[in-house]
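Okay, structure first, notes after.
Chains as they are written, first to last, in the numbering used here: chain A, 2 to 503; chain B, 2 to 503.
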């Protein structure tokens with residue numbers, strides 16, 4: 002029996018609003034598409050959470066034995082300022098402001114994005130297609146939609162006819178929006194709009210003469226709309242219907258609703274069996290947003306360089322912190338919560354190092370036959386929690402239990418000599434597997450970081466001793482010499498000392 | 002006067018075979034295109050050397066104050082097995098063998114390539130376009146060449162007519178090949194060839210039914226030829242004529258020769274002012290090649306995991322090693338040479354750490370007026386060597402001289418109290434700048450490594466003082482506490498102390 006048969010996964014499907022048992026289209030294979038970033042500015046924390054969510058999904062499916070094709074795109078054209086059909090292209094605007102070629106903007110922020118992904122141990126997808134690499138396919142499907150009467154051309158732009166589509170299908174099926182209300186609310190907004198209805202959306206936009214990013218098309222020179230790229234890239238690499246489509250909650254409407262309409266209109270079938278949406282971030286209980294001044298970048302979180310942050314939090318602490326909440330809940334950032342996460346992660350990580358040592362070194366007796374039922378139950382609980390809509394929060398709670406049992410082994414509470422070798426290995430290897438392979442929790446660049454922490458520990462002890470001895474000359478010398486070497490010692494109220502690198 | 006005016010760069014232009022003074026098309030700006038990897042297998046060391054060469058070129062231009070747009074492509078379609086017009090697409094073949102979507106192959110090996118680049122501190126280019134993202138532009142230029150009578154269609158494929166082109170232009174201008182000889186030698190090779198002359202090359206290839214990577218075109222479904230992508234991507238982002246085109250020596254013919262023919266044929270002007278080619282690798286004097294069994298991957302070099310390698314050599318040792326030869330010379334790998342390079346790099350790196358400490362800490366007198374002419378001469382020599390066709394080998398020789406002078410400062414041979422502050426800073430900052438910014442030589446994971454070295458310096462000083470005071474209890478405590486933290490202090494004969502991590 003395969004692991005994925007033993008622990009069938011259930012997913013909260015945004016399409017039904019219900020938790021459903023996952024059945025892949027092809028047994029043993031999973032096809033998953035996730036909307037990637039628009040690369041016109043630094044990756045933000047919301048991105049990081051979304052891509053962490055689907056990193057976990059793909060990791061766990063692989064852990065269960067599925068072969069996963071995970072497609073996550075790069076949006077490098079077509080996403081307009083304001084997320085609608087008007088205004089400048091986000092990337093073209095940035096290029097104009099920074100006096101760069103748009104593709105220089107794309108490269109710069111793609112690099113930044115990839116760096117954040119690496120820092121947080123978010124694995125690359127199987128395919129990372131970009132919108133500009135699929136212009137031909139986007140033109141093709143637009144032609145098809147015109148032929149089917151579901152799209153119309155005006156002044157070199159092509160729009161999707163939502164009302165027409167809704168006569169045969171259901172626009173609003175994902176978001177629950179009501180098309181009549183949507184049409185009503187948009188009616189008197191902009192009389193100059195060339196669209197038949199405000200609710201219609203662009204498949205192709207005519208390029209104004211100063212627009213740098215443009216390609217020839219049957220409707221003249223232009224560029225694709227924002228929604229069509231995802232329809233094209235998902236179905237090109239995963240088929241006309243595929244298993245899972247994911248993204249941030251904010252993309253549900255209109256982006257994902259439009260994707261469903263485009264694909265269903267063009268191919269006559271629903272494109273996605275399971276829709277998954279990860280929830281938003283808050284800071285001290287308030288929505289995280291640039292305009293509120295309470296948003297910080299991953300790099301700021303990792304360096305501590307932001308007024309809201311008391312100090313730096315490592316990428317792994319951040320990862321652990323995010324996994325403490327279920328992906329469908331909002332996630333609230335605060336210094337207290339991050340510091341608690343740091344402690345929690347350290348505890349699990351210490352047990353991870355210990356588990357690895359034990360697996361390598363512990364000698365069990367060949368004749369020992371004892372099984373420890375609790376160990377098996379804990380491993381079983383990890384699978385069940387992860388299979389229950391990828392519940393990382395509950396899985397972490399089980400891992401804390403397992404960490405205590407691992408410490409028991411070290412402390413000699415359990416006499417491992419009596420325990421069956423396979424039982425011990427099963428327990429320890431699953432702890433390591435859930436930590437590293439499933440949750441992706443592993444310490445960053447161990448070597449020098451650990452050594453630095455060790456050397457600083459020795460220095461801090463020496464300095465504390467010097468102070469206790471009222472040897473202020475020595476205490477000051479240590480502080481000053483460290484400062485000369487780019488290390489800032491900080492004295493806490495309680496006599497504790499911490500350090501920061503300049 | 003700008004630095005690039007003060008130290009004009011000369012380049013050995015493969016087009017003339019001569020060293021020429023570089024004049025950019027737009028003052029202060031440099032446009033450079035380099036042929037990137039075909040991502041169907043792991044990046045090999047030859048790639049690494051080529052991209053290191055042009056990393057240095059772009060770094061030095063920037064150091065001189067130029068604004069550089071550096072375009073390096075990813076070949077993800079069109080490069081056929083055997084590098085000619087017959088045989089399977091390299092990526093499609095790999096996809097078939099590994100049962101993957103071609104774009105999964107592309108993503109996998111692009112990741113590998115980028116990892117090697119990061120390890121070796123080779124900076125990303127400004128734009129990294131891919132062939133599949135420029136199908137439309139490749140079709141456009143092919144149409145243009147047909148219109149101009151320089152290309153013809155046969156059975157859904159389009160070929161460049163070399164003979165016809167050569168009537169107006171000069172095919173062989175870069176490689177020095179003689180077109181008559183080339184036509185003679187190819188005449189009787191393959192009677193089934195649909196090309197008019199063996200020397201003609203594909204701009205567009207008709208896709209056989211089982212071919213996965215295919216796009217619609219005026220000539221039916223197909224895919225672009227290998228040479229046309231570089232013509233399209235270089236001129237799209239850099240203009241019809243641009244400053245520098247680089248690549249490995251093996252690409253000179255036919256790839257670069259064909260690029261010149263395509264661009265000149267389409268646009269009526271020569272595309273590139275300066276062609277630069279980096280030379281090949283040898284191992285113990287023999288050409289490095291898979292079939293000889295003497296080729297190893299960067300990952301194997303960094304891990305030491307190859308029968309020819311006595312042990313591992315770090316990415317920075319490798320980088321330093323490669324920079325010891327001029328890019329236009331062959332470069333011979335041997336364990337002896339790599340071990341010598343390791344020592345050399347350590348020496349320069351130690352002086353780099355020292356220079357950084359000195360810049361931060363040394364107190365000079367405000368009234369000191371002494372200049373040290375040798376220091377200025379050394380800095381001047383660095384610029385002159387680098388401006389002389391990017392001679393990294395000679396620049397390294399000067400940096401060794403500078404490293405000795407920096408050690409002199411530390412040793413008190415020079416009384417810095419008498420030296421003008423600006424003079425000292427000029428010298429030290431240029432050493433740091435040429436090491437880190439120009440040659441990109443810096444210890445991996447700098448931050449914590451520097452800090453660790455600093456913290457250990459403070460501890461070593463404390464321990465020396467404890468010994469001098471005959472406070473052996475303290476001296477031992479420092480040693481023992483460090484050991485408990487995984488750091489081994491070693492006492493040298495001369496009272497010097499070094500450390501190693503467990």
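Every residue, glycine too, gets a C-beta built ideally from N, C-alpha and C.
Kindly indicate if chain A contains any beta-carbon less than 8 angstroms away from that of residue 414 of chain B.
-> Position 413 of the second chain, counted from the start, is the residue given in the question as residue 414 of chain B. No, no contact with chain A.
What does residue 207 of chain B pair with, by DSSP beta-bridge criteria?
-> Locating residue 207 of chain B in the second chain gives position 206, where the first residue counts as 1. B/223, per the DSSP bridge assignment.
Select from B/396, B/236 and B/13 the residue whose C-alpha is nearest the C-alpha of residue 382 of chain B.
-> Taking the second chain and counting its residues from 1, one reaches residue 382 of chain B at position 381. When only C-alpha atoms are compared, the closest one is B/396.
Count the other CB atoms within 10 Å of the CB of residue 40 of chain B; is the residue buried (16 or more) or exposed (fewer)?
-> On the second chain, position 39 is the one that residue 40 of chain B refers to. Buried, since its Cβ has 16 or more Cβ neighbours within 10 Å.
Going by the beta-carbon positions, is the gap between residue 225 of chain B and residue 132 of chain B smaller than 8 angstroms?
-> Taking the first residue of the second chain as position 1, residue 225 of chain B is located at position 224. Taking the first residue of the second chain as position 1, residue 132 of chain B is located at position 131. Cβ atoms of residue 225 of chain B and residue 132 of chain B: closer than 8 angstroms.
Look at the Cβ atom of residue 353 of chain B, then the Cβ atom of residue 433 of chain B, and state whether they are nearer than 8 angstroms.
-> Along the second chain, one-based indexing puts residue 353 of chain B at 352. Along the second chain, one-based indexing puts residue 433 of chain B at 432. The answer is yes: Cβ separation under 8 angstroms.
Is the beta carbon of residue 33 of chain B less than 8 angstroms from the beta carbon of residue 11 of chain B?
-> Counting from one through the second chain, the residue named residue 33 of chain B turns up at place 32. Counting from one through the second chain, the residue named residue 11 of chain B turns up at place 10. No, these two residues do not count as a Cβ contact at 8 angstroms.
Relative to the C-alpha of residue 233 of chain B, which residue among B/19, B/501 and B/143 is closest?
-> Numbered from 1 along the second chain, position 232 holds the residue referred to as residue 233 of chain B. Among B/19, B/501 and B/143, the Cα nearest to that of residue 233 of chain B is on B/143.
So, are the CB atoms of residue 319 of chain A and residue 121 of chain A less than 8 angstroms apart?
-> Working through the first chain from its first residue, we reach residue 319 of chain A at position 318. Working through the first chain from its first residue, we reach residue 121 of chain A at position 120. Yes. Within cutoff.
To the nearest angstrom, report how far apart residue 93 of chain B and residue 102 of chain B are at their CA atoms.
-> Numbered from 1 along the second chain, position 92 holds the residue referred to as residue 93 of chain B. Numbered from 1 along the second chain, position 101 holds the residue referred to as residue 102 of chain B. One C-alpha to the other measures close to 8 angstroms.
Can you give me, in chain order, the residues of the segment 257-290 of chain B that have a beta carbon less than 9 angstroms from any beta carbon in chain A?
-> none
Does the distance from the CB of residue 305 of chain B to the CB of residue 277 of chain B come in under 8 angstroms?
-> Sequence index remark: in the second chain, residue 305 of chain B carries index 304 (1-based). Sequence index remark: in the second chain, residue 277 of chain B carries index 276 (1-based). In this structure, residue 277 of chain B does not lie closer than 8 angstroms to residue 305 of chain B by Cβ.
Backbone CA spacing between residue 446 of chain B and residue 470 of chain B [nearest angstrom] | Along the second chain, one-based indexing puts residue 446 of chain B at 445. Along the second chain, one-based indexing puts residue 470 of chain B at 469. Here the model assigns residue 446 of chain B a pLDDT of 48, short of 50, so the residue's position is not dependable and the matter cannot be decided.
With contact counted as at least three CB pairs below 8 angstroms, one residue from each stretch, are the segment 192-204 of chain B and the segment 237-251 of chain B in contact?
-> no
Sequence-distant residues of the same chain with beta carbon closer than 8 angstroms to residue 106 of chain B, five excluded per side | Residue numbering aside, residue 106 of chain B sits at position 105 when the second chain is read from its first letter. Within the same chain, residue 106 of chain B has close Cβ partners 40, 41, 92, 95, 96 and 99.
Please report the residue range of the beta strand (DSSP E) in which residue 276 of chain B lies.
-> As a working mapping, residue 276 of chain B is identified with position 275 in the second chain. That run of the beta strand (DSSP E) goes 273-279.
What residues from the segment 215-241 of chain A come within 8 angstroms of chain B, judged by C-beta to C-beta, listed N to C?
-> 216, 217 and 238
Looking only at C-alpha atoms, which of B/52, B/472, B/497 and B/376 sits nearest to residue 117 of chain B?
-> The sequence position of residue 117 of chain B within the second chain is 116, counting from 1. Nearest option by C-alpha distance: B/52.
With DSSP collapsed to three states, give me the class of residue 455 of chain A.
-> Here residue 455 of chain A refers to the residue found at position 454 when the first chain is read from its first residue. Three-state DSSP puts residue 455 of chain A in a helix.
8 angstroms Cβ cutoff met for residue 31 of chain A and residue 73 of chain A | In the first chain, the residue the question calls residue 31 of chain A occupies position 30. In the first chain, the residue the question calls residue 73 of chain A occupies position 72. Taking 8 angstroms as the Cβ cut-off, residue 31 of chain A and residue 73 of chain A do not qualify as a contacting pair.
Taking residue 461 of chain B as the reference, which of B/171, B/442, B/498 and B/288 has the closest Cα?
-> On the second chain, position 460 is the one that residue 461 of chain B refers to. Per the Cα distances, B/498.
Would you verify that the beta carbon of residue 125 of chain A is, or is not, closer than 8 angstroms to some beta carbon of chain E?
-> As a matter of chain content, chain E is missing from the structure shown, whose protein chains are A and B.
Who are the near neighbours of residue 369 of chain B in its chain, counting only those whose CB is closer than 8 angstroms to its CB and skipping five residues on each side?
-> Locating residue 369 of chain B in the second chain gives position 368, counting from the first residue. Same-chain partners within the cutoff: 418, 419, 420, 421 and 422.
When you compare only the Cα positions, how much space is there between residue 161 of chain A and residue 168 of chain A?
-> In the first chain, the residue the question calls residue 161 of chain A occupies position 160. In the first chain, the residue the question calls residue 168 of chain A occupies position 167. C-alpha separation (whole angstroms): 13 angstroms.
Are the segment 142-157 of chain B and the segment 203-211 of chain B in contact at 8 angstroms, needing three or more beta carbon pairs?
-> yes
Between residue 16 of chain A and the ligand SAH, is the CB less than 7 angstroms from at least one heavy atom?
-> Here there are no bound small molecules, and the ligand SAH is not part of this structure.
Hey, quick one: how far does the beta strand (DSSP E) through residue 247 of chain A stretch, first residue to last?
-> The residue you call residue 247 of chain A lines up with position 246 of the first chain. Run containing residue 247 of chain A: 243-249, per the beta strand (DSSP E) assignment.
Whole-number beta carbon distance between residue 214 of chain B and residue 78 of chain B, since they are thought to touch under 8 angstroms = Residue mapping note: residue 78 of chain B aligns to position 77 of the second chain, counting from 1. Residue mapping note: residue 214 of chain B aligns to position 213 of the second chain, counting from 1. Correct: roughly 5 angstroms between the Cβ atoms.
Spatial distance of residue 527 of chain A from residue 88 of chain A (CA atoms) | Only positions 2 to 503 of chain A appear in this structure, which leaves residue 527 of chain A out of reach.
What residue range is occupied by the uninterrupted alpha helix (DSSP H) comprising residue 200 of chain A?
-> Within the first chain, numbered from 1, the residue matching residue 200 of chain A stands at position 199. That residue, residue 200 of chain A, is in no alpha helix (DSSP H); it is neither H nor E in DSSP.
In terms of residues, what are the limits of the beta strand (DSSP E) holding residue 1 of chain A?
-> The displayed coordinates of chain A run from 2 to 503. Any statement about residue 1 of chain A would go beyond what the structure contains.
Does DSSP classify residue 149 of chain A as helix, strand or coil?
-> Here residue 149 of chain A refers to the residue found at position 148 when the first chain is read from its first residue. Looking at residue 149 of chain A - three-state DSSP - the assignment turns out to be coil, as it is neither helix nor strand.
Since residue 479 of chain B contacts residue 459 of chain A with CB under 8 angstroms, what's their CB separation in whole angstroms?
-> The count along the second chain starts at 1 and reaches residue 479 of chain B at position 478. The count along the first chain starts at 1 and reaches residue 459 of chain A at position 458. Right, their Cβ atoms sit about 7 angstroms apart.
Anticipated Cβ contact below 8 angstroms, residue 360 of chain B with residue 430 of chain B, distance rounded = Residue 360 of chain B sits at position 359 when you count from the first residue of the second chain. Residue 430 of chain B sits at position 429 when you count from the first residue of the second chain. Indeed, because the Cβ distance is near 7 angstroms, the residues count as touching under 8 angstroms.
Does the Cβ-Cβ distance between residue 328 of chain A and residue 384 of chain A come in under 8 angstroms?
-> Within the first chain, numbered from 1, the residue matching residue 328 of chain A stands at position 327. Within the first chain, numbered from 1, the residue matching residue 384 of chain A stands at position 383. It is not a contact, given that the beta carbons lie outside the stated cut-off.
Counting along the chain, where does the alpha helix (DSSP H) carrying residue 58 of chain A start and finish?
-> The count along the first chain starts at 1 and reaches residue 58 of chain A at position 57. It spans 46-64 - the alpha helix (DSSP H) in which residue 58 of chain A sits, taken as one unbroken run.
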